[in-house]
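Residue numbers (the working numbering): 8 to 460.
Positions of the beta carbon are idealized from the N, C-alpha and C atoms, including for glycine.
Below is one structure, written out as structure tokens, with a few remarks after it.
As structure tokens, then:
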């Protein structure tokens, strides 16, 4: 999904501020919206196969057709991002979303027609018709909104974007309205039964398992890292004729011109790798993912997907463009939001630490301080680099490269630094306690002498 944004060509003499306003902002907004819609489709797919547990040839072929349409979505997004005012792009995207929903609905109907494919608890249930109608009602909400978006794309494009945005928030909005009704009216017996029967639906606001969240996240990190090397292979291989004519057949001399591109690649890959490392470390201590943690994780992954854009911008440093400061600041902003949402996942987990965190990572646990420092490192460094480039614009490139070099070593030294800091804090606290004890002893010694007088 990020490729149309990352491959936005900016002329070396063109100011990045103008380009962002004219090209990147619209593309980034469309990217974020379509990325979140794809995550909704992924969540629906996971929920669907919690109901359909066994797969025969028909389900496998239908699912393959669904996957084919999903893999076509980035092309439709490219059309939307490149031609935001032309209705065909949003129409094609919406039609693909409708087809995906219809295929999933067919899988549901087929599964209930062959009950041996269903979840064991649904098979023995007396409410199979309720399950089927309830699942179909939920699964067709998104496609109905996308169908309306496809129709309105030819009349009023902004309304189409609003309807697509509603696909993202509708499950959460529905659950919020239900919660408000429960608080105001109270939960009746029928609603309790209804809520019990929702257990095996793919109701999109229900929290997914920790393992599914990790698997999806690892997939996003792997794809983003792969996109970086694809850009290297595509844009940084010299033309054989040019090597022969310009560099007299010296391939090494020809490759030296791409040095900044390789530096940007390794720096971007290290950033992705370390952010994945932090994500892995975080979920190593997470025992259960809540709805809010899942939403924050998706937002973090959306900005992780923007790192190829950061690579494209910083790989142009060799051209000495007017855009170095802006490119660095965009890269810092992307890295900051990708990491601050990880920190927000940690903070959210601490609010319900007995349910969501391993004892070692809770308040007072032996890994709590280390995890706090690990998750806070990237937000602090990227934010610091952003403001330093604002204040010291002449050294912006040096500051950015220094940040990329220092952070890996900072991760290596982080545990030692945390231990030293904790030792110093404990020493200061023990000294202050000792002073308090001495003062109390002095007061106790003086009080008998003062009492007779």
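(request) If I'm right that residue 113 touches residue 69 with Cβ under 8 Å, what's the distance once you round it to whole angstroms? (result) That belief holds up - the Cβ atoms of residue 113 and residue 69 are roughly 6 Å apart, short of 8 Å.
(message) Whole angstroms are fine: how far does the CA of residue 377 sit from the CA of residue 425?
(response) One Cα belongs to residue 425, the other to residue 377, and the distance between them is close to 6 Å.
(message) Could you pull the DSSP bridge partners for residue 59 from this structure?
(response) 125, per the DSSP bridge assignment.
(message) On the DSSP bridge list, what partners appear for residue 364?
(response) Residue pairing from DSSP places residue 364 in a beta bridge opposite 293.
(request) Please report how far the alpha carbon of residue 247 lies from the alpha carbon of residue 260, in whole angstroms. (result) Residue 247 and residue 260 have their C-alpha atoms some 13 Å from each other.
(request) Below 8 Å on the Cβ atoms is my guess for residue 6 versus residue 118; work out the distance and round it to an integer in Å. (result) Nothing about residue 6 can be read from this structure; the chain reaches only from 8 to 460.
(message) I need the DSSP call for residue 269, collapsed to helix, strand or coil.
(response) It is helical.
(request) Tell me whether residue 134 sits in a helix, a strand or coil according to DSSP, three-state version. (result) Residue state, collapsed to three classes: coil.
(message) Rounded to the nearest angstrom, what separates residue 217 and residue 289 at their Cα positions?
(response) Roughly 11 Å between the two C-alpha positions.
(request) Compute the Euclidean distance between the alpha carbons of residue 85 and residue 347, then round it to the nearest angstrom. (result) Going by the C-alpha atoms only, they are around 28 Å apart.
(message) With a threshold of 8 Å, are at least 3 pairs of Cβ atoms found where one atom belongs to the stretch 353-368 and the other to the stretch 329-344?
(response) No, the stretch 353-368 does not touch the stretch 329-344.
(request) Taking residue 302 as the reference, give the member of 388, 223, 401, 452 with the closest Cα. (result) Between residue 302 and the set 388, 223, 401, 452, the nearest pair of CA atoms involves 223.
(request) Within its chain, find whatever has a CB closer than 7 Å to the CB of residue 174; leave out the 5 residues flanking it on each side and keep chain order. (result) Listed in chain order, the non-local C-beta contacts of residue 174 below 7 Å within the same chain comprise 44, 47, 149, 152, 153, local neighbours out to five positions each way being set aside.
(request) Can you give me the Cβ contacts of residue 172 inside the same chain, cut-off strictly under 7 Å, excluding the 5 residues immediately before and after it? (result) Closer than 7 Å at Cβ, skipping near neighbours: 40.
(message) Taking the beta carbon of residue 414 as the centre, do at least 16 other beta carbons fall within 10 Å, making it buried, or is it exposed?
(response) Flag for residue 414 reads buried.
(request) With distances taken Cα to Cα, identify the nearest neighbour of residue 167 among 138, 431, 420, 156. (result) Closest in alpha carbon position to residue 167, among 138, 431, 420, 156, is 156.
(message) Please classify residue 83 as buried or exposed, where buried requires at least 16 neighbouring CB atoms within 10 angstroms.
(response) Per the 10 Å Cβ criterion, buried.
(request) State the DSSP-derived secondary structure class of residue 178, mapped to helix, strand or coil. (result) Reduced to three states, the DSSP call for residue 178 is helix.
(message) Tell me which residues share the same chain as residue 201 and place their Cβ nearer than 7 Å to its Cβ, disregarding the 5 neighbours each side in the sequence.
(response) Low local confidence applies: a pLDDT of 49 at residue 201 is under 50, so the model's placement there is unreliable, with the coordinate-based value given in what follows. Correct list: empty, nothing qualifies.
(message) Quick check: residue 34 and residue 88, are their CB atoms within less than 8 Å of each other?
(response) Going by C-beta atoms, residue 34 is nearer than 8 Å to residue 88.
(message) Using CA atoms only, rank isn't needed, just tell me which of 441, 438, 124, 165 is closest to residue 93.
(response) That would be 165, whose Cα lies nearest to the Cα of residue 93.
(message) I need the straight-line Cα distance from residue 110 to residue 399, nearest angstrom please.
(response) In this structure, the alpha-carbon of residue 110 lies about 55 Å from that of residue 399.
(message) Just verifying my parser: in three-state terms, what is the DSSP assignment at residue 389?
(response) In the structure shown, residue 389 sits in a helix (DSSP, three-state: H, G or I).
(request) Could you work out which residue in 416, 67, 54, 362 is closest to residue 295 when comparing CA atoms only? (result) The shortest CA-to-CA distance from residue 295 to any of 416, 67, 54, 362 is the one to 362.
(message) Since residue 146 and residue 115 should fall inside the 8 Å C-beta cutoff, what is the C-beta to C-beta distance between them, to a whole number of angstroms?
(response) So it is a contact: roughly 6 Å between Cβ atoms.
(request) Starting from the C-beta of residue 393, find all residues in its chain whose C-beta is less than 6 Å away, skip the five residues before and the five after it, and write them out in chain order. (result) If we look at residue 393 and ignore the five residues flanking it on each side, its Cβ neighbours are 336, 339.
(request) State the Cα-Cα distance for the pair residue 308 and residue 220, rounded to the nearest angstrom. (result) Straight-line measurement puts the Cα of residue 220 at about 11 Å from the Cα of residue 308.
(message) In whole angstroms, give me the CA-to-CA distance for residue 433 and residue 344.
(response) About 33 Å.
(message) For residue 122 and residue 131, what's the separation of their Cα atoms in angstroms?
(response) The straight-line gap from Cα to Cα measures roughly 9 Å.
(message) Spatial neighbours of residue 7 within its chain, please: C-beta separation below 7 Å, excluding the five flanking residues on both sides.
(response) As shown, the chain starts at 8 and ends at 460. That puts residue 7 outside it, with no answer to give.
(request) Give every residue of the same chain whose Cβ lies closer than 6 Å to the Cβ of residue 360, excluding the five residues on either side of it in the sequence, and list them in chain order. (result) Beyond the five residues adjoining it in sequence on each side, residue 360 comes within less than 6 Å, by CB distance, of 369 in the same chain, given in chain order.
(message) According to DSSP, simplified to helix, strand and coil, what is residue 313?
(response) Coil at residue 313, not helix or strand.
(request) For residue 374, name the three-state secondary structure that DSSP assigns. (result) Looking at residue 374 - three-state DSSP - the assignment turns out to be coil, as it is neither helix nor strand.
(request) Check each candidate in 353, 305, 61 and name the one with the smallest Cα separation from residue 292. (result) Shortest Cα-Cα distance from residue 292 to any of 353, 305, 61 involves 353.
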